[in-house]
Structure formats: structure tokens, C-alpha cells
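In this text, residue positions in the sequence shown follow this note's numbering: the first is 45, and each later residue adds one. Structure first, commentary second.
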Amino acid sequence: MPKILPNQRHVCLVIPVYNEEEVLPILLDALVRFQASRDERVSVLFVDDGSRDGSVSCIQSDKCALKDVRLVSFSRNFGHQIAVTAGLNLCTADAAIVMDADLQDPLEVAGRMIDVWKKGYDVVYGRRLVREKVGWFERVTARIYYRFFRSFTGVDAPLDTGDFRLISRPVLEAYKEMGEQQPYVRGLISWLGFRQTAVDYVRPGRAAGTTKYPWRRRFDLALDGLASFSGKPLRFAMRLGLFISAGSVLGLVWVLFTKYVFQTAITGWASLIFAAFFFGGVQLFFLGVMGSYLARVYDEVKGRPRYVIQSSWQSERVPSADGP
Ligand code: UDP
Ligand code: MG
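This is the structure we're talking about:
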């Protein structure tokens, strides 16, 4: 284990963990090799998002050769985006790299991110060229979503990127100021600006274990992203309402015209009931849209802490070259 040198740069890997006991032994081994291969000081900050399996004991195990590790455990499961946010806020390094525990974000790419950061960039994000072991439906919906998000919200968010990215100290400080209750991390980091660039990579499948992101959560994340960056759905409701009202006035004029000028009544009014159902549905939908914005405002106003840390733990520290 190399000693920490004065002025040595410090990069912290921020890794959210939720019931990952199957993959953690593989990850820990890979991290030991990664630490040994780098000139910088590489520390690891695990955020345990309320795991109920053996993840925590795996990280704290005496058998684990990894040094310079910090583990903070939430009091329950708060969700991936909150776990990442906690990690970014707690990290004190010169740069943080957000990565998943399942080795889908390869360490070799993290190394490339560090090299690019040293050239003077503030944010280096991983852009997925290919996603291995992913079904066509997920691949297509994700591709469409990223494009839709960008054109819909006007945020200059890079396409086909998740949360795997290096974030330098100035950006971390700016991120701390964003106390959103339901943070959409990748969107917020793009929103912050600074000098951002990409490294391309092939995203492998999970090294072990199963996904902790079921479809319902994925869908919620997608909606959260849109709602936290744009109030357009609310304005769209207004426009649609205006359009339909104007159309119905024209329809009424036409009905009266045929009745009094042509002396005929339009037949087929049974279709009216379907029109009523349809517009009933449209109204309920937009009531739901408004409700979801209202719920976000309600969450913000309550101002509860976003996460609760139950315990924290620190491994043996890497010895410093200039003292204990
Ligand atoms: N994760 C978390 N809290 C959760 C769900 C997931 O901290 O509620 C972590 C998980 O342990 C992993 C990362 O978030 O490190 C990404 O999850 P996963 O790999 O299951 O998602 P996928 O890659 O399938 O989208
Ligand atoms: Mg994964």
C-alpha cells in the first residue's frame, strides 16, 4: 500500500450499496487492485442504503484487504439517488467518482476519468456506447427517454449516461447547495455547468446478484427527472384545455347552424358518452399531473432531512508520508 504523499491528489469512489452481498467480494477485490494501480490516493466511501443482507459485514470483514474505506449506513432504504447525494455531500476528496456496486461501471473507465480530470475538466461522465445484457425494450426506452428529457427540459444533459461520473471539488461544493428532496443527480450535475466531458465505454452486465431497480422505481426516476426540471406538463394542461374549449365552441356553432339553417339535427349522439369519458380521463390525468407537482412542493415545504445516518465506520487509514 503506497503512503499518502503531501500534495497527492485524492479521489474518492462513492458507491451506494443495497443488498449487494453477492457482488461485494468481487468488487472489493477489484478495488484493491485499482488502489494499487493508481498514483493518486484512492479512497472508497460506501453508502449502505439500508441493506438487510450481509453487505455491511462483508465490507467490515477482517478478510477484506481494502484500505482507506469509509462506510455510512442509513437507518433504512432511502433510495439510490439519495444514497448518491449523501455520498457526494460527505466526501472530502478532490474529486468523487459515483459508481454502482455491481461492476457495471468498470474501474478501468474510472481510471480514464481520473486522467481526463487531470487535464482540467470538472465533470467527466461515462457515456454508454453499448449496454451488454440489456433487453431491447429497456435499451430502446432508455434511449428515447434521454433524448426526450433533453428536448423537453432544455437541460443540456448528455445522452446515454447514467450516474457514473467523476465530479471535482468545485462542482461537489455547488452540489451541496442543492437541497432538493428528490434529487435527480445526473440532471442536477448537468444543470450546474462547469467544464464537462465524456469518456465512452461499453457497459457490461451485472457481475453478480440481481437488479435493485425494479421497473416501477425506474419509471418513478424517469418522472422525477422530468418533473424536477420542467413545469411544462402543467402549461401543457392549460394549452390542451384552451384548445378543447375553443374546439367545442366551434362545434356548438356548427350544431346550431345545421339545426336552424339546414333544419336537420346531427344524428349519432351516442358517441357523446365516449367523448365524455375521454375528457373525463384527460381531466383526471392532468389533475394527477398537478397533484404530483403539489406533492413535490409539499415535500420541499416539510423540509425533512433527506436521509438518516444510523452509523458510520472507517477502516484502517492509509499511513501518511508526513506523519501518523
Ligand atoms: N441501490 C441503492 N439503493 C436502492 C437501489 C439500488 O443504493 O434502493 C444501489 C445498488 O446497490 C447499486 C446501484 O444502486 O450499487 C445501482 O443499482 P442496480 O445495479 O440494481 O441498478 P441497475 O444497474 O439494474 O439499473
Ligand atoms: Mg446495475
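We put the CB at the ideal spot given by N, CA and C, even for glycine.
Would proline 60 be called buried (16 or more neighbouring beta carbons within 10 Å of its own) or exposed?
-> Buried: at least 16 other Cβ atoms inside 10 Å.
DSSP puts tryptophan 357 in a beta bridge; with which residues?
-> Residue pairing by DSSP places tryptophan 357 opposite Leu115 in a beta bridge.
For glycine 367, the three-state DSSP class (helix, strand or coil) | Its pLDDT being 44, under 50, glycine 367 is placed unreliably in this model, and the value from its coordinates should be taken loosely. DSSP, reduced to helix, strand and coil, places glycine 367 within a strand of the structure shown.
Figure out for me which residue from Asp343, Gln327, Gln240, Phe78 has the closest Cα to the Cα of valine 160.
-> Gln240
Would you check whether the ligand UDP has a heavy atom nearer than 6 Å to the C-beta of proline 60?
-> yes
With contact counted as at least three CB pairs below 8 Å, one residue from each stretch, are the segment 251 to 259 and the segment 53 to 73 in contact?
-> yes
Taking buried to mean at least 16 other C-beta atoms within 10 Å of its own C-beta, is valine 174 buried or exposed?
-> Classification of valine 174: exposed, given that the 10 Å Cβ count is below 16.
Residue nearest to lysine 208 in terms of C-alpha spacing, selected from Arg156, Gln226, Gln104, Arg183 | Here the sequence assigns phenylalanine to residue 208, which means lysine is not the residue at that position. Per the Cα distances, Arg156.
What residue range is occupied by the uninterrupted beta strand (DSSP E) comprising alanine 242?
-> 240 to 247
For serine 336 and aspartate 264, the rounded distance between their alpha carbons = 11 Å
Could you check what DSSP says for threonine 255 in three-state terms: helix, strand or coil?
-> In this structure, DSSP gives threonine 255 a state outside helix and strand, which the three-state scheme calls coil.
Is phenylalanine 280 near threonine 197, with beta carbons less than 7 Å apart?
-> no
Would you list the one or two residues that DSSP bridges to aspartate 92?
-> Val61, Ser117
Starting from arginine 183 and walking both ways along the alpha helix (DSSP H), at which residues does that stretch end?
-> In the DSSP assignment, arginine 183 falls within the alpha helix (DSSP H) that extends over 180 to 197.
Buried or exposed: which applies to glutamine 307, given that a residue is buried once 16 or more other Cβ atoms fall within 10 Å of its Cβ?
-> exposed
Which residues bound the beta strand (DSSP E) around aspartate 213?
-> Per the sequence presented here, residue 213 reads as arginine, with aspartate not at that position. No beta strand (DSSP E) holds arginine 213; the alpha helix (DSSP H) holding it covers 213 to 220.
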